[in-house]
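S.K.:
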Amino acid sequence: MEDAELALLIKPAAHYNRKTKNLKTMCGQLIERHNGEIPNTREELLALTGVGRKCTDIMMHFTFSKATIAVDTHVHRVVNRLGIAHTISREDTADKINEVTPMRFKHHAHEWIIQHGMKICIARKP
Numbered sequence: 001m002e003d004a005e006l007a008l009l010i011k012p013a014a015h016y017n018r019k020t021k022n023l024k025t026m027c028g029q030l031i032e033r034h035n036g037e038i039p040n041t042r043e044e045l046l047a048l049t050g051v052g053r054k055c056t057d058i059m060m061h062f063t064f065s066k067a068t069i070a071v072d073t074h075v076h077r078v079v080n081r082l083g084i085a086h087t088i089s090r091e092d093t094a095d096k097i098n099e100v101t102p103m104r105f106k107h108h109a110h111e112w113i114i115q116h117g118m119k120i121c122i123a124r125k126p
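Using the UniProt record's numbering, the letters of the sequence shown correspond one by one to residues 1 to 126.
Next up, the structure:
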């Protein structure tokens, strides 16, 4: 697929030009390193171009059913406002929330916190 065609498909996403290049590079890495399969470890996912902590945690949670809470802007805001964490970075928030949340609650907690942050504890006012 040509870069321009892929860019049009993902244009609604922010930074679509950079993401186009990253996606093409990542596809090559998946073919070369993993025979076209998506790896299922955090380390292997993080080694792919354009894949960061949030993307890795989302993959672990939804694709591989691993108990982890992915931290986006909403989760970061809610967890800090509730005083569960006092962190600046989303990575530190992810470490803290995953440390203190019992395993049996992680799957649902991830979704509940995101929804709470999107609908109730919004950026401008809780």
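Backbone N, C-alpha and C define an ideal beta-carbon position, used for all residues, glycine too.
Can you list, in chain order, the residues of its chain with a C-beta nearer than 6 Å to that of threonine 25? Leave out the 5 residues immediately preceding and following it.
M.R.: So the qualifying residues of the chain are Thr49.
S.K.: Does leucine 45 pass the burial test, meaning 16 or more other C-beta atoms within 10 Å, or should it be called exposed?
M.R.: buried
S.K.: Using 8 Å for Cβ pairs, my map puts isoleucine 69 next to threonine 41. What's the rounded Cβ distance?
M.R.: The pair is not a contact, with the Cβ atoms about 18 Å apart (cut-off 8 Å).
S.K.: Work out the CA separation of glycine 52 and glutamate 2 for me, nearest whole Å.
M.R.: 25 Å
S.K.: Unbroken alpha helix (DSSP H) runs of length 4 or more, entirely within the UniProt domain "HhH-GPD" (1–119): which are they?
M.R.: 3–10, 16–34, 42–46, 53–58, 73–81, 90–100 and 103–119
S.K.: Here's a check: name, in chain order, each residue in its chain whose Cβ is nearer than 6 Å to the Cβ of threonine 20, leaving out the five neighbours to either side.
M.R.: Asp3, Leu6 and Ala7
S.K.: When you compare each of Leu82, Ile88, Lys54 and Ala47 to residue 142 by their alpha carbons, which one comes out closest?
M.R.: In the structure displayed, the chain extends from 1 to 126; residue 142 sits before or after that span and is not available.
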